[in-house]
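Those letters in the sequence shown? Residues 264 to 694, per our numbering, in order. From the three backbone atoms N, C-alpha and C, an ideal C-beta is built for every residue, glycine too. Here the structure is a predicted model, which is why all the values come from computation and not from measurement. Written out below as structure tokens is the structure these notes cover.
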Amino acid sequence: MDGLLLAFETLLFGLGLAYIYPRDKMFGFYFVFLFIYGIFAQLGYHFFPEASEAIMAYFGDDVWLPSVLFITASLVSFVLAFVFFRPVFYGLMAFRFSVRPAAMQGLWRKLASGWLLATSAYMIGFVVLNGADLSWYSAQQDDLRSTAPALALLIFFVKIDVGTLVVLYRLARQRVHLIPHVSPWLPFVVRGAFFLFITFKLGNRTDVLACFLGLALMEMSQTRLSVRIMLRALFFGFLVVSLLLLIEATRYSDSDVAPPAPTSVKLLVKDYYPPAHMLFAAMAYDYVSPWEVIESNTSNAAILLGYPYLQETITDLFRPDLATRSVGYAFYVLTEGFMFMGYWGFLYNGVVLIAGLCLWRRMATSDSREYNLLLLGLFGCMMVNVVRGQSSYFVKYLYMFVLPNALLYLSLVGMRIRLRIAGPRPARNPA
């Protein structure tokens, strides 16, 4: 019976994806990860509890059935909100973008090229001088900005480089030559190789995955689904998964190898497994606090305020002082709905997530196809982060990640964005 519940949830997910993906691939991508970050945790928690015990996040079997029903209802709510609320949100977001040639194009190109050269020089210099000290452990310190500011700056550049690579890929696809008489693919290949080298040294899997997802969404958004495209996507997906496993295998030194673990733990306890335990914990402790959700999202939509993320609030219920802004189980965004409305929170999950995605999608509906594809690629990079984060990320990633890389792209192609505000008009699905 319990297995049938998960099978039913999977069936509803498949039907929902079949409806959403052909209509908007960005929403479809997000829906896939919303499901992945829930289904494996549900499977492991109930059928292989040793996996949850291994991460010290098992709260008894009583929370399993309510969590399954809540996640299933949230997925259904997401689909229904896509059908009924998406046109409404598009109608309310009455702004339009147009891409036009910029004044002083030569100056903007020089500034953008200078940024690329400066960041490249810094990362190369850091690796040459301090490469032996780069490791997964060195990057896990809590307060890098004060204890190791040079390393903190390197990690910041690596994070930004996820979007920079999407920009360079888009330019290569447009055959924009950053260096005269040199293949437009060369900057992407060289910078991409160096990016992989640093992420490998840091044991950083999430940024590699983010970059791949951004490129994948960009490509899938300009091609029709076919057997050839699916096979190509599966091949590159296999390569990326293999790389992620290799990075995981090299994170630890021989002296830090953990004791032998059951096979179920080895297979299940990956990056996608712990976040949903935030929902299990919230249900186990019956933690409902709408004000905490509002305050945390409002504060964390800004920067440098230092207000705890919701994952820290929940983790403190069962493992006090473990979670920080950079360390912990991560968060499962559907938990936010439960924290806000209790078991009725599945309604919140559908409406709020669709609203956030509509904001992103609306920004990628300018009169320039190339610019729209670039933004879809940048949004694709953040898909997993917003599933394993909270809804404030929809706003924060706009000015922290998307807009700087969009400005870099526009500067390199000599264009500018013009924003026009208009009164609400009948909504239509953006092209």
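Pick from the options that is closest to residue i, judged by C-alpha positions
i           : options               : result
residue 640 : 410, 669 and 453      : 669
residue 309 : 264, 278, 392 and 534 : 264
residue 434 : 661, 655 and 632      : 632
residue 609 : 329, 485 and 471      : 329
residue 353 : 528, 297 and 626      : 626
residue 287 : 335, 485, 311 and 649 : 485
residue 655 : 667, 574, 426 and 636 : 574
residue 305 : 269, 460, 337 and 339 : 269
residue 274 : 560, 292, 298 and 412 : 298
residue 307 : 594, 535 and 636      : 535
residue 282 : 528, 338, 327 and 316 : 338
residue 577 : 272, 444, 592 and 642 : 592
residue 394 : 453, 476 and 463      : 463
residue 303 : 666, 373 and 533      : 533
residue 615 : 560, 474 and 439      : 560
residue 343 : 319, 370, 278 and 528 : 278
residue 384 : 454, 629, 370 and 372 : 454
residue 372 : 284, 439 and 399      : 439
residue 583 : 319, 284, 451 and 528 : 319
residue 347 : 667, 324, 629 and 613 : 613
Proximity below 9 Å, CB of residue i to CB of residue j
i           : j           : result
residue 603 : residue 544 : no
residue 563 : residue 437 : no
residue 341 : residue 546 : no
residue 657 : residue 644 : no
residue 671 : residue 378 : yes
residue 478 : residue 428 : yes
residue 539 : residue 388 : no
residue 472 : residue 647 : yes
residue 678 : residue 365 : yes
residue 386 : residue 417 : yes
residue 397 : residue 461 : yes
residue 336 : residue 525 : no
residue 566 : residue 422 : no
residue 272 : residue 331 : yes
Sequence-distant residues of the same chain with beta carbon closer than 8 Å to residue i, five excluded per side
i           : result
residue 681 : 360, 361, 362 and 363
residue 518 : With a pLDDT of 42 at residue 518, under the threshold of 50, the predicted position of this residue should be treated as unreliable, and no value is reported.
residue 413 : 389 and 393
residue 537 : 304, 318, 320, 592 and 593
Expected contact under 8 Å - CB spacing of residue i and residue j to nearest Å
i           : j           : result
residue 531 : residue 597 : Rounded, the Cβ-Cβ distance is 19 Å, inconsistent with contact.
residue 570 : residue 558 : 7 Å
residue 345 : residue 617 : 6 Å
residue 442 : residue 449 : 7 Å
residue 292 : residue 480 : 6 Å
residue 289 : residue 594 : The Cβ separation is near 21 Å, so there is no contact.
residue 551 : residue 296 : Going by Cβ atoms, the distance from residue 551 to residue 296 rounds to 25 Å, so no, they are not a contact pair.
residue 606 : residue 333 : 7 Å
Spatial neighbours of residue i in its chain, beta-carbon cut-off 6 Å, leaving aside the 5 residues before and after
i           : result
residue 424 : 458
residue 611 : 600, 603 and 604
residue 375 : 671, 674 and 675
residue 312 : 321
residue 634 : 362
residue 637 : 433 and 672
residue 684 : 358
residue 623 : 642
residue 266 : none
residue 474 : 425 and 428
residue 579 : none
residue 483 : 288
Below-9 Å beta-carbon distance, residue i vs any chain B residue
i           : result
residue 312 : Chain labels in this structure do not include chain B; a single protein chain is all it has.
Close-in-space but distant-in-sequence residues of the same chain around residue i (CB under 7 Å, 5 per side omitted)
i           : result
residue 382 : 420
residue 621 : 349, 352, 353 and 356
residue 446 : none
residue 470 : 421, 422, 425 and 462
residue 276 : 298 and 338
residue 284 : 291
residue 324 : 309
residue 528 : 313, 314 and 317
Just to confirm the assignment: which complete alpha helix (DSSP H) runs, minimum length 4, are found wholly within the stretch 388–465?
As far as the stretch 388–465 is concerned, its whole alpha helix (DSSP H) runs of at least 4 residues are 407–410, 412–436 and 449–465.
List in chain order: all unbroken beta strand (DSSP E) runs of 3+ residues lying wholly within the stretch 324–389.
Listed in chain order, they are 358–364.
Going along the chain, which unbroken runs of the alpha helix (DSSP H) with 4 or more residues stay wholly within the stretch 577–650?
Unbroken alpha helix (DSSP H) stretches of 4 residues or longer found wholly inside the stretch 577–650: 597–604, 608–626, 632–644 and 646–650, given in chain order.
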